Amino acid sequence: MLPKHYRLAGHRIPTLIRSGKRVSNHLVSLVYQPTCLPAGRQPTTITVIVPVRLSKKAVERNRTRRLLREAIHQHLAHLEHGYEVIVMARKILKDEKLTDILSDTTESLQNAGLLK
């Protein structure tokens, strides 16, 4: 689980999905936008979404969610401040290795300009 000050509030998700910029990759899709507050004052907030359409099995969705959270957790110290980010799985990651997920997540964050 992400530390509390890095978690995106649930009521912000629909707005962010409607109006945010998107960056997609093989395993991960990012939706992001700058926050309303000044950039230097608030850390980037993140949430991970694994849609039911990817798998009906909660076990597979939860494992995918845990793997994506771990990949994001490794980048928390290197994220730019002042953004809201949704990390969406594009496929179930039960057969993927963490190193592949990390590289894909890193590439997506770099393409979005969210890494320092």
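In the UniProt record's numbering, the protein residues as written are 1 to 116.
We treat Cβ as the ideally placed atom computed from N, Cα and C, and that holds for glycine.
This structure is a prediction, so every number in the text was calculated from the model and none was measured.
Check                                                                                              : Outcome
Contact the region 5–22 vs the region 57–66: 3+ CB pairs below 8 Å                                 : no
Local conformation of LEU30 per DSSP, three classes                                                : strand
Where LYS21 falls: helix, strand or coil (DSSP)                                                    : strand
Sequence-distant residues of its chain with Cβ nearer than 8 Å to LEU115 (five each side left out) : HIS75, HIS78, LEU79, GLU80, THR106, LEU109
Close Cβ partners of LYS94 (< 8 Å) along its chain, the five nearest in sequence each way excluded : GLU60, ARG63, THR64
Contact belief for VAL48 with VAL87 at Cβ below 8 Å, rounded distance in angstroms                 : 5 Å
Spatial distance of ASP100 from ARG66 (CA atoms)                                                   : 14 Å
Coil, strand or helix - ILE49 by DSSP                                                              : strand
LEU16 beta carbon less than 8 Å from that of GLU84                                                 : yes
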